[in-house]
Every structure is written in C-alpha cells, then in structure tokens.
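Chemist: Here's a structure for you.
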C-alpha cells in the first residue's frame, strides 16, 4: 500500500517559534505587571500569540500535526523546567550573591510546567479540536471567526486551570481571582487584533505549502502520540500533486 508523505517547508520554524513563545510564558508567569489600575501576569501578553500559532498550525497542517506539536511542546517544557531547577540548585560559591534571584525566577518552574501541562491538555487541545471541526462544518471558510471562537473557549479553560494550579497558595485568593479575570479579558481584547495577521499568515502558508488540510477521518484523541492514522480511511488534504512523495 502506498503512503503519502508531504514535505513541509515552514512547519519546523513554526514549531520552534511555538515552543519559544511557550517557554517565554513559563519564565514570565510570576512576573506581575501593572495595567491601568489592575495587575496581570506578564505572560498574559504573550499567551495569545501562542494560541494564534496553534490556530495557524491546525488550520494549515491539520489536527494531527497540531497535536504532535503540542505534545512536543509539553515534553520540551518539562525538560527545560527540570534542567533549570536541577542546575540552579547545584552548590554555588559562598560569596556569590545571585542565588536567591535565580531561586525566585526559576525555582518554581517544575510547578509551572506541571500546571501548564494540565492547562494545555484541556485548553490547547480543545482549541485545536474546535478549529478543525468548525473548518469542516463551515467548509474551510471564516477562519477569523473560527479562530476567535476557538481561542475564546481554549484560553478560558487554559487560564482557569493554569492560574489555579500556579498561583494557589502563592497569592491570596482575591488577588488570584483578579489576576485570572484580568488575564482573560486582556487575551479576549488582543485576540481580534491578532486574528488579522493570523488570517494573512495562514493564507500565505497555504499558498507556499500548497496545502490545506481537512480532518475528515482524523482520530481526535488528544492522547494519540503518533502521526500515523490507523483508522483505515484516507486523510483528505487539498494540495497540489507536486507536493506529494509516493512510497
């Protein structure tokens, strides 16, 4: 039986950018900034970019690729967190003055990684699932609307889980609820701004990759870790024939 492989030109860069933004949110989660009369985590300003990239990857390359990228991001996040935690706890020279600063910034990374894992498995996968399913329902149209709707739901679930698991016991409950509410409001405000470049990027990528994936027969189980489809049904992809390699 012949297998179809597609050569992606830009997926590697998108995946690395996706991971870069995720690690940025991990490091900045406990950096609180002031916005007007309210406070918010600095990662709030970056997280919508992460969801935007997830929307683009799902829209162009399909749910299976998006699921694979998400799991690789989770794995790399754990590796980053525990490497940093292990290394900052190695013995330092007695007179070295910066140990406490490293402890403050990086000491809670294992907790953040675990909390982010729980939030991602609910919020990010729901976001990718919604984008993909609505694409079929709307016949590939209205990416801007699908992106806004999916991000609103995915970011809500992500924000609730992430903030409860990351800030509970770190900040008073009243402050936690305020941080959570302000964070979600900021994301909702930023999403309509980011959807304009995301529409353009998705459109350009489809032209450059000659690819537009529809997940008609995809297994949407988020805990399926391989790219192979064992359903026995062909995956439906709109693409030009010069992008396919037959084996």
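In the numbering used here, the protein residues as written are 2 to 248. By construction, the Cβ of each residue, glycine as well, lies at the ideal position given by its N, Cα and C atoms.
(1) If you reduce the DSSP assignment to three classes, tell me which class residue 227 lands in.
(2) Is DSSP giving residue 91 helix, strand or coil here?
(3) Tell me the start and end of each unbroken alpha helix (DSSP H) in the region 4-38 that is at least 4 residues and wholly inside, in chain order.
(4) When the Cα of residue 126 is compared with those of 92, 135, 68, 167, which residue comes out closest?
(5) The alpha helix (DSSP H) that contains residue 149, what's its start and end?
(6) Check whether the region 118-133 and the region 146-163 touch, using three or more Cβ-Cβ pairs below 8 Å as the test.
(7) Quick check on residue 60: buried or exposed, where buried means 16 or more other Cβ atoms within 10 Å of its Cβ?
(8) According to the Cβ coordinates, are residue 102 and residue 167 closer than 8 Å?
(9) Whole angstroms are fine: how far does the CA of residue 83 sit from the CA of residue 95?
(10) Quick one, are the C-beta atoms of residue 124 and residue 158 less than 8 Å apart?
Modeler: The short version:
(1) coil
(2) coil
(3) 12-29
(4) 68
(5) 144-168
(6) yes
(7) buried
(8) no
(9) 24 Å
(10) yes
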